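*Asks:* Under the numbering used here, the first residue of the sequence shown carries the number 502, and numbering increases by one thereafter.
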Amino acid sequence: MSSKYLHLVVLLLVYGYAKPQNTFVPDATFEQALIDKGYDTGPLDNLVPTSNINTIIDLDVSQLNINDLTGIEDFSALEVLDCSENRLSALDISQNTNLKQLFCAFNRITSLDISNNSDLSIIWCNFNRIPVLDVSNNSRLLSLVCSNNLLTDVDVSNNLSLNTFLCVGNQISNFDVSQNSNLKVFHCGNNRLTEVDVTNNPSLNVLNCEYNFISTLDLSQNPALQQLYCMGNMISSLDLFNNGDLGILSCGNNMLNDLDVSRNPNLVELICNDNTLTTLQLNRNASLNHVDVANNSLCNLNIKNRANTNVTFFDARENPDLSCVFVDDPIYSASNWTNIEPITNFVTNQEECDAVADITPDVDVLNDFFGNQFILPTLNDGSYFTGSNGTGQPLFSGEIITTSQTIYIFNTNGCYSNESRFNVIISSPGSPNYFIPKYFTPNNDGEHDFWGIVDTFNEIKHISIYNRNGKLLKFLLPSSKWDGIFNGQLLPSDTYWYEIVLNNGGAVRGYFALKR
502 MSSKYLHLVV LLLVYGYAKP QNTFVPDATF EQALIDKGYD TGPLDNLVPT
552 SNINTIIDLD VSQLNINDLT GIEDFSALEV LDCSENRLSA LDISQNTNLK
602 QLFCAFNRIT SLDISNNSDL SIIWCNFNRI PVLDVSNNSR LLSLVCSNNL
652 LTDVDVSNNL SLNTFLCVGN QISNFDVSQN SNLKVFHCGN NRLTEVDVTN
702 NPSLNVLNCE YNFISTLDLS QNPALQQLYC MGNMISSLDL FNNGDLGILS
752 CGNNMLNDLD VSRNPNLVEL ICNDNTLTTL QLNRNASLNH VDVANNSLCN
802 LNIKNRANTN VTFFDARENP DLSCVFVDDP IYSASNWTNI EPITNFVTNQ
852 EECDAVADIT PDVDVLNDFF GNQFILPTLN DGSYFTGSNG TGQPLFSGEI
902 ITTSQTIYIF NTNGCYSNES RFNVIISSPG SPNYFIPKYF TPNNDGEHDF
952 WGIVDTFNEI KHISIYNRNG KLLKFLLPSS KWDGIFNGQL LPSDTYWYEI
1002 VLNNGGAVRG YFALKR
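As C-alpha cells, then:
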C-alpha cells in the first residue's frame, strides 16, 4: 500500500468518525428547550447532537407550546417523558423502547401507538383526541389515565398489575375490570355506562362512576372501599353494609329513597342531595364534617352523634317537610348550621320537636250518614279512600254512594299523615230514618269505640242509656256518643238498654251490646 493511499485512509477514519451525528429537531420550541437544558449549544438550526441526548433517562418538556416532538426517537435511553400541556397532534415513541413513564396529557394527540413500549408502567394521556388506545402489550402497566378522549373501549384484561385506572369523560358503554384484582383506584364517570361491575376488585379504595346511567351498584365485594362517587345516576338503593372503611360518600342526584350508613363509622363526607330520601339516621357517624342533604323529601334527620362541632358544612335546604333535626346542642346548630328551611327546628328529642313543630296535617271530618244514598261532598283537606291510610280504591267528590260502608278521609304532607272516617249506612225501604248500632267495642282500637245513633234527618230529641237494672248511665243528645264509661269506671261487657225520644213526641226502646 502506497503512503499516499494510507494517508487517505487515516484522514477518512479520523474525520469520518469524529464528525458528530445530529438529530433532526424541526420544532424551534422543542430545540430551544433542549438548548436550555444544555443538550444543545445553539443557534437554532433544527439539529441537536445525538450523542447529547441518547443517554438521557428523564425528559420534561411540559407546558412549552411545542407543536412537534420529532427527534424524540433518538432519546434511546429515555425512561420518563413528560410532554404534557403542549400543542402536539402526533407523538411517535415507537423507538423509545426503554420508556417506563409517559405523560402526554393536555395536547391534541389523535393517535397513540405504545405497542413497542412494553416496559411502560405509567401512561397519562388524558385530555387529548385519541379514539383508540391499545394497551394489550403493556403488561407492566400500573397506572393508566386516559380521561377526556374519544374512546369507545379500553381493554385492560392483559394489565393484571393495574392499580390506577382513570378513564372519565369518554364514550364507553362497558368496562371489564374483572381481571384487574389489584385495582385500587377506578374512575369511569361521564361515560355511557348502564352498569359497572367491581365484584372482582377486592382491593378497590376509590370508585368514581358519576354521571352515567347506572341503576344498581354492587359493592358487597369491596371491603377496602374508602371513597365512593356515584352522583348523577339512576340508583334507587345502595347497600353499604360491607364497606366499613368508607370515608367519602357522594351519591347525590340519584333516585335513593332510603340510605343506611349505620355501618360506616368512618364517614367524613356525605353528599346525598337531590334524591327522594324521607329519613336519614346519622347518629352513628361521629367523624362527619360535611353533610349535604339538600333537596330531598326528608321527614326525619338525626345527626345527634355527640360530635356535631366537627361538622363544618351542613345543608338541609329544600326539604319543605323537615320540621325537626335531632342534634347534640340546638343552640350551637342554630348558630352554625344556617342552610335550612324556615320550618326546620333543631331539637334534642321528640318532645322538643312536638312542642315547636306542627307536623300533623289537617283532615276533614264528616258525620256518619244514614239514608238511601249519599253524595260525597267536596273536601278541603284530604281525599276519600275505601281503605285506611290511603289504601283501597280512591273515591271522588260528587260520587253517589249506594252501599253501606266505612269511608276514610286521608291526608298527608309527604312526611306525616292524618285520617278520619265516617260510616255510610244505606237504609232499607220502609226502615226508620235513623240507624241504631247493635253493639260497640270500646277498646281504643279505632273500630266501633263509641255507641251512637246516626240521625241524618234530625228526628231524635235525646237518648237515655240504662243498665239491665234500669239505672240511668248516660243521657245523650243525637250528635253525642257513649264511650262505655260510668262515673269514671269502664263498664263490663253486657247488654244495655236505650230509650230514644223523637221530636214528634214518640219513643223507641231497645238494647245493644257492649263487648270488650
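Glycine included, every Cβ here is placed at the ideal spot set by N, Cα and C.
Fair warning: this is a prediction, and the values are worked out from it, not measured in the lab.
Write down every uninterrupted run of the beta strand (DSSP E) in the stretch 675-733 whose length is 3 residues or greater and which is fully enclosed by it, in chain order.
*Replies:* Listed in chain order, the complete beta strand (DSSP E) runs (minimum 3 residues) inside the stretch 675-733 are 686-688, 707-709 and 728-730.
*Asks:* Give the single residue among Lys972, Tyr967, Leu560 and Ile927 whose Cα lies nearest to the Cα of Val955.
*Replies:* On the sequence shown, position 454 is the one that residue 955 refers to. Comparing Cα-Cα distances from Val955 to each of Lys972, Tyr967, Leu560 and Ile927, the minimum goes to Ile927.
*Asks:* What residues in its chain sit with their C-beta under 7 Å from that of Leu768, if we drop five residues either side in the sequence?
*Replies:* The residue labelled residue 768 in the question sits at position 267 within the sequence shown. The answer, listed in chain order, is Leu747, Gly748, Leu750, Val762, Asn786, Ser788 and Leu789.
*Asks:* Beta-carbon within less than 6 Å of Asn924's beta-carbon, same chain only, minus the 5 sequence neighbours each way: which residues are those?
*Replies:* Taking the sequence shown and counting its residues from 1, the one referred to as residue 924 is at position 423. Asp869 and Thr907, listed in sequence order.
*Asks:* Indicate the three-state DSSP secondary structure (helix, strand or coil) for Gly1011 in the structure shown.
*Replies:* For this step, residue 1011 is matched to residue 510 along the sequence shown. Strand.
*Asks:* From which residue to which residue does the alpha helix (DSSP H) around Cys854 run?
*Replies:* The residue you call residue 854 lines up with position 353 of the sequence shown. Counting along the chain, the alpha helix (DSSP H) containing Cys854 begins and ends at Gln851 to Val857.
*Asks:* Should Ile860 and Ser824 be called a contact, given that it needs their Cβ atoms to be closer than 8 Å?
*Replies:* Sequence index remark: in the sequence shown, residue 860 carries index 359 (1-based). Sequence index remark: in the sequence shown, residue 824 carries index 323 (1-based). The answer is yes: Cβ separation under 8 Å.
*Asks:* Does DSSP put Asn938 in a helix, a strand or coil?
*Replies:* In the sequence shown, residue 938 corresponds to position 437, counting from 1. Checking the displayed sequence, the identity of residue 938 turns out to be Pro instead of Asn. The answer is coil: DSSP assigns Pro938 none of H, G, I, E or B.
*Asks:* For Leu760 and Thr777, which I take to be in contact (beta-carbon distance under 8 Å), what is that distance rounded to the nearest angstrom?
*Replies:* Working through the sequence shown from its first residue, we reach residue 760 at position 259. Working through the sequence shown from its first residue, we reach residue 777 at position 276. The pair is not a contact, with the Cβ atoms about 10 Å apart (cut-off 8 Å).
*Asks:* With DSSP as the reference, label Pro930 as helix, strand or coil.
*Replies:* Translated into the one-based positions of the sequence shown, residue 930 becomes position 429. The answer is coil: DSSP assigns Pro930 none of H, G, I, E or B.
*Asks:* Measuring CA to CA, which of Leu694, Gln672 and Cys689 is closest to Leu729?
*Replies:* Here residue 729 refers to the residue found at position 228 of the sequence shown. Nearest option by C-alpha distance: Cys689.
*Asks:* Go through its chain and collect everything with a Cβ distance to Pro527's Cβ below 8 Å, but skip five positions before and after it.
*Replies:* If you number the sequence shown from 1, residue 527 lands on position 26. Excluding residues within five positions, the ones whose Cβ falls inside 8 Å are Asn547, Asp569, Thr571 and Gly572.
*Asks:* For the putative contact between Asn734 and Leu705, defined by C-beta atoms under 8 Å, what is the C-beta separation to the nearest angstrom?
*Replies:* Counted from its first residue, the sequence shown places residue 734 at position 233. Counted from its first residue, the sequence shown places residue 705 at position 204. That belief does not hold up - the Cβ atoms of Asn734 and Leu705 are roughly 18 Å apart, past 8 Å.
*Asks:* With a Cβ-Cβ cutoff of 8 Å, do Thr845 and Ala808 count as a contact?
*Replies:* Indexing the sequence shown from 1 puts residue 845 at position 344. Indexing the sequence shown from 1 puts residue 808 at position 307. Taking 8 Å as the Cβ cut-off, Thr845 and Ala808 do not qualify as a contacting pair.
*Asks:* Work out the CA separation of Ser612 and Asp634 for me, nearest whole Å.
*Replies:* Here residue 634 corresponds to residue number 133 of the sequence shown, with the count starting at 1. Here residue 612 corresponds to residue number 111 of the sequence shown, with the count starting at 1. Asp is not the amino acid found at residue 634; the sequence shown has Leu there. Computed Cα separation, rounded: 8 Å.
*Asks:* Is it buried or exposed for Tyr540, if we count other Cβ within 10 angstroms and need 16 for buried?
*Replies:* Translated into the one-based positions of the sequence shown, residue 540 becomes position 39. It counts as buried.
*Asks:* So for Tyr999, helix, strand or coil by DSSP?
*Replies:* For this step, residue 999 is matched to residue 498 along the sequence shown. Strand, per DSSP.
*Asks:* Could you check if Phe628 is buried or exposed, using at least 16 other CB atoms within 10 Å of its CB as the buried criterion?
*Replies:* The residue labelled residue 628 in the question sits at position 127 within the sequence shown. So Phe628 counts as buried.
*Asks:* What's the gap between the Cα of Asn1005 and the Cα of Cys800?
*Replies:* Taking the first residue of the sequence shown as position 1, residue 1005 is located at position 504. Taking the first residue of the sequence shown as position 1, residue 800 is located at position 299. Taking the straight line from one Cα to the other gives about 54 Å.
*Asks:* What does the alpha-carbon distance come out to for the pair Ile961 and Leu1003?
*Replies:* Counted from its first residue, the sequence shown places residue 961 at position 460. Counted from its first residue, the sequence shown places residue 1003 at position 502. Looking at the two C-alpha atoms, the distance is approximately 4 Å.
*Asks:* Check whether the Cβ atoms of Leu642 and Leu667 sit closer than 8 Å, and answer yes or no.
*Replies:* On the sequence shown, residue 642 is found 141 positions in, with the first residue counted as 1. On the sequence shown, residue 667 is found 166 positions in, with the first residue counted as 1. For Leu642 and Leu667, no; Cβs fall outside 8 Å.
*Asks:* Please state whether DSSP places Ile567 in a helix, a strand or coil.
*Replies:* As a first step, residue 567 is located in the sequence shown; it is residue number 66 there, counting from the start. Coil at Ile567, not helix or strand.
*Asks:* Ile986: which of Phe941, Thr957, Glu1000 and Glu948 sits nearest, CA to CA?
*Replies:* If you number the sequence shown from 1, residue 986 lands on position 485. Minimum Cα distance to Ile986 is reached at Phe941.
*Asks:* In whole angstroms, what is the alpha-carbon distance linking Ser503 and Thr524?
*Replies:* Walking along the sequence shown from the start, residue 503 turns up at place 2. Walking along the sequence shown from the start, residue 524 turns up at place 23. At Ser503 the pLDDT is 47, less than 50, meaning the model places this residue with poor confidence; the figure from the coordinates comes in the next sentence. Cα to Cα, Ser503 sits roughly 38 Å from Thr524.
*Asks:* Between the C-alpha atoms of Ile876 and Tyr885, what's the straight-line distance to the nearest angstrom?
*Replies:* For the purposes of this step, residue 876 is taken as the residue at position 375 of the sequence shown. For the purposes of this step, residue 885 is taken as the residue at position 384 of the sequence shown. Looking at the two C-alpha atoms, the distance is approximately 12 Å.
*Asks:* CB-CB under 6 Å to Ala529, same chain, minus the five flanking residues each way: which ones, in chain order?
*Replies:* As a working note, residue 529 is residue 28 in the sequence shown. Within the same chain, Ala529 has close Cβ partners Leu545.
*Asks:* In angstroms with no decimal places, state the Cα-to-Cα distance between Phe847 and Asn840.
*Replies:* If you number the sequence shown from 1, residue 847 lands on position 346. If you number the sequence shown from 1, residue 840 lands on position 339. Cα-Cα distance, rounded: 12 Å.
*Asks:* Can the beta-carbon of Ser889 be found less than 8 Å from the beta-carbon of Glu920?
*Replies:* Here residue 889 is taken as the residue at index 388 of the sequence shown, counted from 1. Here residue 920 is taken as the residue at index 419 of the sequence shown, counted from 1. Against a cut-off of 8 Å, the Cβ pair of Glu920 and Ser889 comes out as a contact.
*Asks:* Using C-beta distances below 6 Å, list every residue in its chain close to Gln894, excluding the 5 sequence neighbours before and after it, in chain order.
*Replies:* Residue numbering aside, residue 894 sits at position 393 when the sequence shown is read from its first letter. Within the same chain, Gln894 has close Cβ partners Thr887.
*Asks:* Could you pull the DSSP bridge partners for Leu582 from this structure?
*Replies:* By 1-based counting over the sequence shown, the position of residue 582 is 81. Beta-bridge pairing links Leu582 to Leu560 and Leu603.
*Asks:* Using alpha carbons as the reference points, say which of Ser637, Ser716, Asn744 and Ala725 lies closest to Ser755.
*Replies:* As a position in the sequence shown, residue 755 is number 254, starting the count at 1. The sequence as given places Asn at residue 755; Ser does not occur at that position. For the residues Ser637, Ser716, Asn744 and Ala725, the minimum Cα distance to Asn755 belongs to Ser716.
*Asks:* Using DSSP's beta-bridge definition, name the partner residues of Pro550.
*Replies:* Numbered from 1 along the sequence shown, position 49 holds the residue referred to as residue 550. In DSSP, Pro550 forms a bridge with Asn523.
*Asks:* Could you tell me which residues DSSP pairs with Ile1019 in its beta bridges?
*Replies:* Outside the modelled stretch of the chain, which goes from 502 to 1017, sits residue 1019, for which no answer is possible.
*Asks:* I think Asp583 touches Phe604, with their Cβ atoms under 8 Å apart; what is that distance to the nearest whole Å?
*Replies:* Looking up residue 583 in the sequence shown gives position 82. Looking up residue 604 in the sequence shown gives position 103. Confirmed, about 4 Å.
*Asks:* Using CA coordinates, which residue listed in Val636, Pro831, Asn659 and Ile964 is at the minimum distance from Thr849?
*Replies:* The count along the sequence shown starts at 1 and reaches residue 849 at position 348. Considering only alpha carbons, the answer is Pro831.
*Asks:* Alpha carbon to alpha carbon, what distance is there between Asp698 and Asp677?
*Replies:* Here residue 677 refers to the residue found at position 176 of the sequence shown. Here residue 698 refers to the residue found at position 197 of the sequence shown. Rounded to the nearest angstrom, the two C-alpha atoms are 7 Å apart.
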